[in-house]
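Asker: Sharing a structure with you now.
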Amino acid sequence: MAIPGQQELTQLENFMEGIWKQNPVFVMLLGLCPALAVTVSAVNALAMGAATTFVLLGSTLLVSLMRNFVPKEVRIATYIVIIATFVTIVDYLIAAISLELYEALGAFIQLIVVNCMILGRAEAHASRNAPIRALTNALGMGLGFTIGLFALGSVREILGSGTLFGVSLFGPDFQPWVVMVLPPGGFFVLGAWLLVFNWWRNRTPAATGTLKPAEGHSHG
Amino acid sequence: MEQYLLILIATVFVNNIVMAKILGLCPFMGVSRKLETALGMGAATTFVLTLASGASNLIDTYLLGQELAYLRTLSFIVVIAGIVGFTEMFIRKTSPVLFRVLGIYLPLITTNCAVLGIPLLNVQEQHNFVESLVFGMGGALGFTLVLVLFAAMRERLEAADVPLPFKGTSIAMITAGLMSLAFMGFSGLIK
Chain V
5 MAIPGQQELT QLENFMEGIW KQNPVFVMLL GLCPALAVTV SAVNALAMGA ATTFVLLGST
65 LLVSLMRNFV PKEVRIATYI VIIATFVTIV DYLIAAISLE LYEALGAFIQ LIVVNCMILG
125 RAEAHASRNA PIRALTNALG MGLGFTIGLF ALGSVREILG SGTLFGVSLF GPDFQPWVVM
185 VLPPGGFFVL GAWLLVFNWW RNRTPAATGT LKPAEGHSHG
Chain D
277 MEQYLLILIA TVFVNNIVMA KILGLCPFMG VSRKLETALG MGAATTFVLT LASGASNLID
337 TYLLGQELAY LRTLSFIVVI AGIVGFTEMF IRKTSPVLFR VLGIYLPLIT TNCAVLGIPL
397 LNVQEQHNFV ESLVFGMGGA LGFTLVLVLF AAMRERLEAA DVPLPFKGTS IAMITAGLMS
457 LAFMGFSGLI K
């Protein structure tokens with residue numbers, strides 16, 4: 005993920021990278037499990053996005069501050085412990101704020117630890133950049149992740165329950181497309197979004213020449 | 277005995293970790309391009325996940341308990357990373373052949389959310405030690421089953437004449453969705 009010449013990116017480009025060019029959900033396909041599992045409603049999607057962004061920012065700051073002290077051999081273990089600490093904080097935070105939300109998100113809050121996006125950012129960006137720069141990038145990535153989750157969650161809620169943020173959209177005669185809020189719906193909606201992006205990219209190759217294709221990725 | 281068999285069947289088919297619980301999607305999408313790699317990944321995951329379920333159950337029961345519950349996520353992930361490292365060393369010493377097959381998948385397993393998810397689910401559902409082991413193994417077998425099935429389909433998809441915008445991950449996602457629909461059919465299997 006390290007791009008040669010990354011140093012020359014301006015702060016704005018650095019920030020926008022996660023939102024558009026390397027969007028974690030639609031381009032990098034990282035953190036798929038929470039992206040598909042908890043996005044049954046727009047509220048859940050936003051909450052998950054916010055929680056992940058918080059963990060990402062916190063761990064990025066620490067990793068970036070400690071980048072010169074951590075021995076290379078134990079860096080991954082160090083990152084994981086740092087990330088797990090912030091995940092525990094956010095886990096208890098959400099339980100304190102809203103028990104309903106906590107139950108809806110379930111084990112997926114704790115599973116932020118293994119979100120490849122966060123570890124990937126720590127390894128590829130935060131451990132090589134000064135705090136301000138790393139935080140800007142992390143904020144962009146977190147926002148990009150949240151936007152991706154929201155794109156999935158809102159579509160699934162509208163189709164699957166006929167509501168958005170709990171507000172009924174189509175009146176009482178609407179027959180909800182129940183499968184959309186079940187696991188298969190997550191796959192379908194993400195597949196459809198990727199389809200839209202692919203189609204759009206193929207239609208206007210000149211304008212989006214910088215976009216990387218969604219295929220050809222490989223990660224753990 | 278019957279109860280363990282029920283857990284096993286339930287985790288492999290009814291509550292399949294990939295198709296129903298949506299865990300472990302990164303390897304599901306990432307290493308399902310070839311049948312061989314899918315099998316290797318499945319075998320390595322089964323081994324690690326069974327060990328991790330047992331170990332995390334012991335840790336949660338005897339070390340953490342109620343008072344130290346806030347250390348659960350942290351200690352589980354450290355234990356899993358440890359088990360993965362241990363497995364890697366153990367296989368390298370005892371069976372170089374097996375190491376050549378599984379070696380490259382082992383480091384990837386640490387970030388497989390199923391490997392952390394199953395121990396956490398074990399705690400949530402208050403499984404005892406044996407139940408945890410069976411749950412872990414069933415989950416991993418279910419993961420392997422789905423991974424192998426999906427890899428076989430993707431090998432066919434490579435050769436298929438797919439419309440251009442669908443190419444790549446998009447069609448893979450839709451295929452996975454259809455597969456998930458099919459797995460929902462198992463939900464009547466166990467009450």
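Heads up: the protein sequence lines correspond to chains V and D, in order.
Quick note: the first sequence uses my numbering, first residue 5, plus one each step.
Quick note: the second sequence uses my numbering, first residue 277, plus one each step.
Every residue gets a Cβ at the ideal spot worked out from N, C-alpha and C, and that includes glycine.
1) From the DSSP output, in three-state form, read off residue 168 of chain V for me.
2) So residue 199 of chain V packs on residue 305 of chain D, CB below 8 Å; how close in whole Å?
3) Am I right that residue 393 of chain D and residue 327 of chain D are in contact with their C-beta atoms under 8 Å? What's the rounded C-beta distance?
4) If you pair each beta-carbon of the region 142-151 of chain V with each one of the region 45-57 of chain V, do three or more pairs fall below 8 Å?
5) Could you tell me whether any Cβ in chain V is nearer than 8 Å to the Cβ of residue 310 of chain D?
6) Mapping the DSSP letters down to three states, classify residue 343 of chain D as helix, strand or coil.
7) Please state whether DSSP places residue 61 of chain V in a helix, a strand or coil.
8) Could you check the C-alpha separation between residue 331 of chain D and residue 288 of chain D for me, to the nearest Å?
9) Within the 8 Å Cβ cut-off, does residue 341 of chain D reach chain V?
10) Could you name the residues of the region 20-54 of chain V whose beta carbon sits closer than 7 Å to any beta carbon of chain D, in the order they occur along the chain?
11) Measure the Cβ-Cβ separation of residue 237 of chain V and residue 121 of chain V and say whether it is below 8 Å.
12) Quick one: which chain V residues come within Cβ less than 7 Å of residue 442 of chain D?
13) My output table needs one value for residue 70 of chain V: the three-state DSSP class, helix, strand or coil.
14) Measure how close the beta-carbons of residue 427 of chain D and residue 325 of chain D come, nearest whole angstrom, since I'm counting them as under 8 Å.
15) Would you kindly check if the distance between the Cβ of residue 85 of chain V and the Cβ of residue 226 of chain V is under 8 Å?
16) Distance cutoff 8 Å, beta carbons only. Does residue 195 of chain V sit that close to anything in chain D?
Answerer: To lay it out plainly:
1) Note: residue 168 of chain V maps to strand in three-state DSSP.
2) Contact flag wrong, Cβ pair sits at about 16 Å.
3) Actually they are not in contact, since the Cβ atoms of residue 393 of chain D and residue 327 of chain D sit about 15 Å apart, beyond 8 Å.
4) yes
5) For residue 310 of chain D, the answer is no, since every Cβ of chain V falls outside 8 Å of its Cβ.
6) coil
7) helix
8) Pairing residue 331 of chain D with residue 288 of chain D, the inter-Cα distance amounts to about 21 Å.
9) no
10) Correct list: 33, 36, 37, 40, 41.
11) Outside the displayed range of chain V (5 to 224) lies residue 237 of chain V, so it cannot be described from this structure.
12) Within chain V, the residues near residue 442 of chain D are 199.
13) coil
14) About 19 Å separates the two Cβ atoms, so there is no contact after all.
15) Here chain V covers residues 5 to 224 and nothing more, so residue 226 of chain V does not appear.
16) Interface residue, yes.
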